[in-house]
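*Asks:* Chain order of the listed sequences is P and B. To convert, note that position 10 of the first sequence is 10 in the numbering used here; the numbers rise steadily by one, no gaps. Add 311 to the 1-based position in the second sequence for the numbering used here, that's all there is to it. Backbone N, C-alpha and C define an ideal beta-carbon position, used for all residues, glycine too. Mind having a look at this structure? Questions to follow.
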Amino acid sequence: MTRVLSDADPELREPHPSGPIELAAPGPRRPRAPRRRRWSWRRLPLYAFLALAAIAFAYPLIWLVSASLKPRGEVFDNRLIPQTLTFDNYLQVWTQAPVAIWLLNTVIVTVLAASAVTLSSAMVAWGFAHFRFPFRGALFGLVLATMMLPAAVTMIPTFLIWNSLGLVGTLVPMWAHNLFGSAFYIFLIRQFLLALPRDWFDAARIDGASQWTVFWRIGLPLIRPALVVTFIFEVQAVWTDLMRSLIYLRGSSTFTLPRGLKSLVDAFGFGGEWHWETIVTASVIATVPIVVLFLIAQRHFVRGISGGGLR
Amino acid sequence: MAAAARMRRREAVAGLLFLSPWLIGFCVFTAWPLLYSGYLSLTQYDVINDARFVGLDNYAALAADPKVGVALGNTFLFTLMQVPLHVLVALGLALALERAGRATGFFRTVLLLPKLTPPVAVGVLFLLLFNGQSGLINAILGSLGIRGPAWTTDPAWVKPGLVLMSLLMVGASVVILLAALHGVPEELYESARVDGAGFWRRTFHVALPMISPALLFVTVVSTIGALQTFDEAYTAFFGAGVDDYGNDAALFYVIYLFRQAFEFLHMGYASALAWVLFAIILVITAVQLLVSRRVVHYEGATPR
């Protein structure tokens, strides 16, 4: 469940009057300021608990980075500070496996997938928010219903479609389905759009702008915050996606990082030659970019999770 | 009149044009696959030769397949352990975070980190940290005087280990519950305090009922996720070179489905497996929603 809420049940999105409606308005209402309390020793257990939790949650990643700086024999020694500090693994890993190509493939797929889904979902959300046409409500219900469908049910025929087009083994099936929008994002962007005053767009229409111009020139800039959330969410989902890469990628030169990393586990793991230093180093390379992106854009992540979860 | 009708038609056409990406995608990637997988589930199909209609044979075979029993048992057991713990841990952390004042943001960032880590890397970490001989978990247990089990090889401990590892992935649920907690009006706490309610009473009688819709949401989503668990277990226990079932203790339903479809090319059988999973998820979700009607409190909503 990489895409946190993608298989959420639309029924659950009851209006929640007391929930934060961060995405619902262009100037999001601030969540209630945390209650200010004076420091007191009585709060010590609370902070001790949180500190322990923070260590438990952060330590695996720290352990991973630390292990990648150790020579082969010491990967398992569980020391926080490596006894023998070495950057050799980071020099070697590129020759042990085509990690540079995997990185490049992942970047290509991620950028294409996230751009495609952002633009197409915005178009569809715009259609739902700004036009009246027959069966609009029913069609939107259908959008929400697709969120309920487990990926396993459509997985096989979808594979057969790409197979009959001769595209299995290429990067295309990794992202091209995103050209057609994605239910969760359509929902998210539509919510945001509905909170914008309609007159802003009608005024432009009266000035003679075409529908497309209004969408492109006025609509898109106004919904930028929702687009950023969509883009970043999808980057995370695609960057870490394993299942699709297992189904569609064949040769090592087409692998993305998760698929490549899996092939390293197969070749060098317990069933293979025990080069765990290579696996650990490649894991760090696969993880660091997404962690950095998160640290830069975490505001948007949090908005996407809480805004999408309760509205 | 005619002009108005024309305007309406033009508006409808423009709207449908904006919808066209989704309309095409829905037909090609949702509606057609749904129908086609229903048909495939009644056939024998290996991608190379033409599909052969076999009626309900796949479903009969599935009911008799001992591996399906194993996979279903594993998946249910994992879900039963994982979902309650997931919700409890997420709730505990959210309640603590709400009281953390200025430090909330920092802790929220840290708690979200494992959720963002690629699941393959999490699978790698599972193999290493939970390793029976040299893993960190058993080293810690050892220093407490407990001899830890062989988490990654002992069939009895594989699933508990995976559950523990999965609890690091509660970050998103914590964020959702925290947002709900921030939405509880301060006055409710104040009046409870005036009435002499302590922390636990305020939590159980004010906070939890108020955030029950969010709790339901987190429960349903994490159940659906647990029933489809794949990435970490597949990374750790299956893959190239494993031509038997590797470790039956980690054979989850979607892993079995995936192997049937894409490793053995039993597309018909795998489609039947997929439909059974779909039915299971629908039933479990429906039961959860029905039960929740008695428990979940919708502020201001008319009871349905």
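Kindly say whether B/Trp317, judged by its beta-carbon, lies nearer than 9 Å to any beta-carbon of chain P.
*Replies:* One point to set straight first is that residue 317 of chain B is Arg, not Trp, in the sequence displayed. So, not an interface residue.
*Asks:* Apart from the five residues on each side of it in sequence, which residues of its chain come closer than 7 Å, Cβ to Cβ, to B/Tyr500?
*Replies:* Correct list, in chain order: Arg513, Val517.
*Asks:* One question on the structure: do P/Gln236 and P/Ile296 come within less than 9 Å of each other, judged by their Cβ atoms?
*Replies:* Result no, Cβ atoms of P/Gln236 and P/Ile296 do not sit closer than 9 Å.
*Asks:* Kindly indicate if chain B contains any beta-carbon less than 9 Å away from that of P/Lys262.
*Replies:* Chain B, which has a Cβ nearer than 9 Å to the Cβ of P/Lys262, makes this yes.
*Asks:* Determine whether the Cβ of B/Pro520 lies closer than 9 Å to any Cβ atom of chain P.
*Replies:* Answer no: the Cβ-Cβ gap between B/Pro520 and chain P never drops below 9 Å.
*Asks:* Apart from the five residues just before and just after B/Ala503, which ones in its own chain have a Cβ nearer than 6 Å to its Cβ?
*Replies:* Within the same chain, B/Ala503 has close Cβ partners Arg513, Val517.
*Asks:* At what residues does the alpha helix (DSSP H) containing P/Tyr185 begin and finish?
*Replies:* 183 to 194 is the span of the alpha helix (DSSP H), which, as asked, contains P/Tyr185.
*Asks:* B/Gln444 by DSSP, collapsed to three states: which one?
*Replies:* In the structure shown, B/Gln444 sits in coil (DSSP, three-state: anything other than H, G, I, E or B).
*Asks:* At a CB-CB cut-off below 7 Å, which residues of chain P make contact with B/Tyr347?
*Replies:* Simply Pro157.
*Asks:* With a cut-off of 8 Å on the beta carbons, I'd call B/Ala572 and P/Ile156 a contact; round off their distance for me.
*Replies:* Sure, about 5 Å apart at Cβ, within 8 Å.
*Asks:* Just tell me which of B/Pro524, B/Leu346, B/Ala461, B/Tyr356 has its CA closest to the CA of B/Arg605.
*Replies:* Comparing Cα positions, the closest option is B/Pro524.
*Asks:* Please look up how many angstroms separate the CB atoms of B/Val469 and B/Ala411, rounded, as I've assumed it's under 8 Å.
*Replies:* The pair is not a contact, with the Cβ atoms about 35 Å apart (cut-off 8 Å).
*Asks:* Using the C-alpha atoms, what's the distance from B/Leu473 back to P/Trp276?
*Replies:* Distance between the alpha carbons of P/Trp276 and B/Leu473 is about 20 Å.
*Asks:* Taking the alpha-carbon positions, what's the P/Gly219 to P/Gly181 distance?
*Replies:* So the alpha carbons of these two residues sit roughly 17 Å apart.
*Asks:* If you follow the alpha helix (DSSP H) that B/Ala544 is part of, which residue opens it and which one closes it?
*Replies:* Unbroken alpha helix (DSSP H) run through B/Ala544: 542 to 548.
*Asks:* On the three-state DSSP scale, how would you describe B/Phe569?
*Replies:* Helix at B/Phe569.
*Asks:* Who are the near neighbours of P/Leu12 in its chain, counting only those whose CB is closer than 7 Å to its CB and skipping five residues on each side?
*Replies:* Bear in mind that a pLDDT of 36 at P/Leu12, under 50, signals an unreliable position, so the number given afterwards is only what the model happens to contain. So the list is empty, once near-sequence residues are dropped.
*Asks:* Under a Cβ-count criterion, where at least 16 other Cβ atoms within 10 Å of its own Cβ denotes burial, should B/Asn360 be classed as buried or exposed?
*Replies:* When all chains shown are included, B/Asn360 counts as exposed.
*Asks:* Along chain B, which residues have their Cβ under 7 Å away from the Cβ of P/Gln211?
*Replies:* Result: Ala325.
*Asks:* Does the beta-carbon of P/Ile21 have 16 or more other beta-carbons within 10 angstroms, so that it is buried, or is it exposed?
*Replies:* Legend: pLDDT at P/Ile21 = 35, less than 50; position of this residue unreliable, value from coordinates given subsequently. P/Ile21 should be labelled buried.
*Asks:* Give the secondary structure of B/Thr463 by DSSP, where H, G and I count as helix, E and B as strand, and everything else as coil.
*Replies:* DSSP places B/Thr463 in coil when its eight states are reduced to three.
*Asks:* Here's the rule I'm using: 16 or more other beta-carbon atoms within 10 Å means buried, otherwise exposed. How should B/Ala374 be labelled?
*Replies:* So B/Ala374 ends up on the exposed side.
*Asks:* Under 6 Å Cβ to Cβ from P/Ala100, same chain only, skipping five residues before and after it: list those, please.
*Replies:* Around P/Ala100: Trp94.
*Asks:* Below 8 Å, how does it come out for the segment 212 to 228 of chain P and the segment 249 to 266 of chain P: are there three or more Cβ pairs, yes or no?
*Replies:* No, because fewer than three Cβ pairs between the segment 212 to 228 of chain P and the segment 249 to 266 of chain P fall closer than 8 Å, the two stretches do not touch.
*Asks:* Specify whether the segment 474 to 493 of chain B and the segment 577 to 597 of chain B touch according to this definition: at least 3 beta carbon pairs, one from each stretch, less than 8 Å apart.
*Replies:* At 8 Å Cβ cutoff, the stretches do not touch.
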